[in-house]
Amino acid sequence: MVAPPITTCDPTIRPCLLTRGPLPRTRTCAPLLLLLGLTVSLTVANPSCESSVSMVRNCKQLWKILDRKVSVPRRRITTSPSNITQTELPDKTMEAKCLQSMFELIDSGFFNETKIQEIANGATEMNLPIYRTNRKLVATNNGGLENPSPLVFNASWNREVPRAQAKRFNYPSISRVRLPRDEEDIAFMSVLELGELIKTKQVTSKELVRIYLTRLKRYNHVLESVVTYTEELAYKQAKEADDLLSQGTYLGPLHGIPYGLKDIIAVPGYKTTWGSTSFKDQILDIEAWVYKRLKASGAVLVAKLVTGSLAYDDIWFGGRTRNPWNIEEFSTGSSAGPAASTSAGMVPFAIGSETAGSMTYPAARCGVTAFRPTFGSVGRTGVMSLSESLDKLGPFCRTAADCAVVLDAIKGKDPEDLSSREIAFEDPFSVDITKLTVGYTKDADMKVVEVLGSKGVNMVPFELNYTVDSVQGILNFTMNVDMLAHFDEWQRTGQEDLYEAQDQWPVELRRARVVTAVDYIQFRHRELVVS
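The sequence shown maps to residues -45 to -1, 1 to 486 in mature numbering (1 follows the signal peptide of the UniProt record, and there is no 0).
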């Protein structure tokens, strides 16, 4: 949308510096370059035009949205004081037009007047205080001599990388497991127990697929936790698992075990909707790394499970996912589908993701065990990205032991995910917890502290050298700018108006449009310091 002419003597906007040098991780920054690397001067095009003075003054005020001071050439005002004074308030119409002009400058003239004003208000109320707080926290010296590049996130940085070779875990021996008569009891068995039933041929993978697909279809109309049933694929993979076992090949504890994937994880031939109306018919011809790992372990995919729209909260294009323990409540967090489905015995385990609480919140609400692994330990190729330095994938299960089993299958170096690493985890099944030291803050759940202490864990109190609020602000801005980089076209083409919860991503991503490059890089630096 082209802004209407303001007057016959608009200020001429002349770029005096435009830096577009090559940046690492340009995917993260590309949509911001027009604004973020730009310094401009505003000059009056026609000295005889009275309105140009007001225009320049208004635009100068608007640079405060970016928390930047800008100098403008002055000229003597020869008009009558009754017409214009140094203390006159900015004209609202002129301000709106100037705002529109500013957004045209950063190639964002597609916003209507209401949205532009909303961005300006939000930037003033939220962006500026966080910018100023973060600058004090970062307190970097001129020259950047001590700063690692925050645009390339490497979780190990210059630290020594352990030379120990990554090994498979030694799973505990499970014996004397008997097949229950009641399918409800079968549905709530642990992964290790189900694995023993398959290994001893008390049940087939095909039979388990039937049990879990039946439960998925029976309870989904209440919980709204399933996007797509992968029934044909499930029976095909189950047959392959059963055939291998009959030939004497057993792939491990996930052999023939049904599971679900959060619907931001791509599987060829099936929709990957990202929970959004804009993408509800999307089919990606990509095989996600985590799906490949599970397939190689013999696991059987039975469903694509709900993600909150574009991985935000529990609202999606088909409704809102509920808590199986109390269907008057919702599951919270974008991994709502994996949490609710695992809790309700609709799948033995599921894979979810977390950028900022999307696993921990729904796991706590739905009463399941979730494991959010160390950053970089699970590859993310073929998974919708919010923020490359924050996104993580992990399992939802009903026991901690099951989480370890699933982690063992999905961890490892993903060649196409530059942040992924081969990490030599200590075998969780052979850890002596009396040799562990765990720190806790004063606001921790003291019951947890007491239980761990009673088991022999050395519990040590400590204090953070930063406030939770300051870190939350840094996290939010980093995530929002990264997210906007990935969904720039979505916003530009007006698809945000279709978004299921208008007070969520649409508002936050509009505000991210006016985060400067300087502040973004400082946020990323602070993120590294905190981590």
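Backbone N, C-alpha and C fix where the C-beta goes; we use that ideal spot for every residue, glycine too.
Can you tell me whether residue i is helix, strand or coil according to DSSP?
i           : result
residue 402 : helix
residue 241 : coil
residue 340 : coil
residue 58  : helix
residue 414 : strand
residue 271 : strand
residue 371 : coil
residue 225 : coil
residue 206 : coil
residue 289 : coil
residue 67  : coil
residue 313 : coil
residue 308 : strand
residue 394 : strand
residue 184 : strand
residue 495 : This structure does not reach residue 495, given that the chain is present from -45 up to 486, and the question cannot be answered.
residue 380 : coil
residue 366 : strand
residue 466 : helix
Count the other CB atoms within 10 Å of the CB of residue i; is the residue buried (16 or more) or exposed (fewer)?
i           : result
residue 419 : exposed
residue 84  : exposed
residue 78  : buried
residue 432 : buried
residue 280 : exposed
residue 181 : buried
residue 282 : exposed
residue 52  : buried
residue 224 : exposed
residue 228 : buried
residue 130 : exposed
Would you mind working out which of the options sits nearest residue i, comparing C-alpha positions?
i           : options            : result
residue 313 : 298, 332, 331, 345 : 345
residue 262 : 306, 301, 255      : 306
residue 253 : 204, 228, 443, 317 : 204
residue 317 : 337, 301, 296      : 296
residue 341 : 308, 458, 150      : 308
residue 469 : 61, 251, 272       : 61
residue 274 : 176, 251, 63, 70   : 176
residue 127 : 133, 151, 139      : 151
residue 329 : 393, 343, 348      : 348
residue 138 : 131, 169, 199, 129 : 169
residue 88  : 385, 457, 459, 427 : 427
residue 430 : 392, 482, 387      : 482
residue 249 : 157, 363, 199, 234 : 363
residue 222 : 210, 242, 393      : 242
residue 50  : 65, 202, 72        : 72
residue 389 : 410, 397, 380      : 410
residue 379 : 333, 157, 339, 298 : 333
residue 315 : 339, 298, 290      : 290
Is it the case that the Cβ atoms of residue i and residue j are separated by a distance below 8 angstroms?
i           : j           : result
residue 277 : residue 178 : yes
residue 174 : residue 258 : no
residue 230 : residue 218 : yes
residue 474 : residue 86  : yes
residue 246 : residue 216 : yes
residue 288 : residue 269 : yes
residue 232 : residue 444 : no
residue 194 : residue 154 : no
residue 401 : residue 310 : no
residue 404 : residue 395 : yes
residue 303 : residue 212 : yes
residue 286 : residue 320 : yes
residue 384 : residue 67  : no
residue 337 : residue 238 : no
residue 292 : residue 256 : no
residue 376 : residue 331 : yes
residue 244 : residue 372 : yes
residue 267 : residue 459 : yes
residue 272 : residue 235 : yes
residue 149 : residue 163 : yes
residue 399 : residue 351 : no
residue 206 : residue 199 : yes
Would the region 458 to 471 and the region 429 to 449 be scored as touching if the rule is three or more Cβ pairs under 8 angstroms?
yes
Are there three or more Cβ pairs, one per stretch, closer than 8 angstroms when the region 349 to 359 is compared with the region 318 to 325?
yes
Are the region 439 to 458 and the region 408 to 416 touching, with three or more C-beta to C-beta distances below 8 angstroms?
no
Given 8 angstroms, three or more beta-carbon pairs between the region 139 to 152 and the region 187 to 195
no
Examine the Cβ distances between the region 360 to 369 and the region 121 to 133 and report whether three or more of them are shorter than 8 angstroms.
yes
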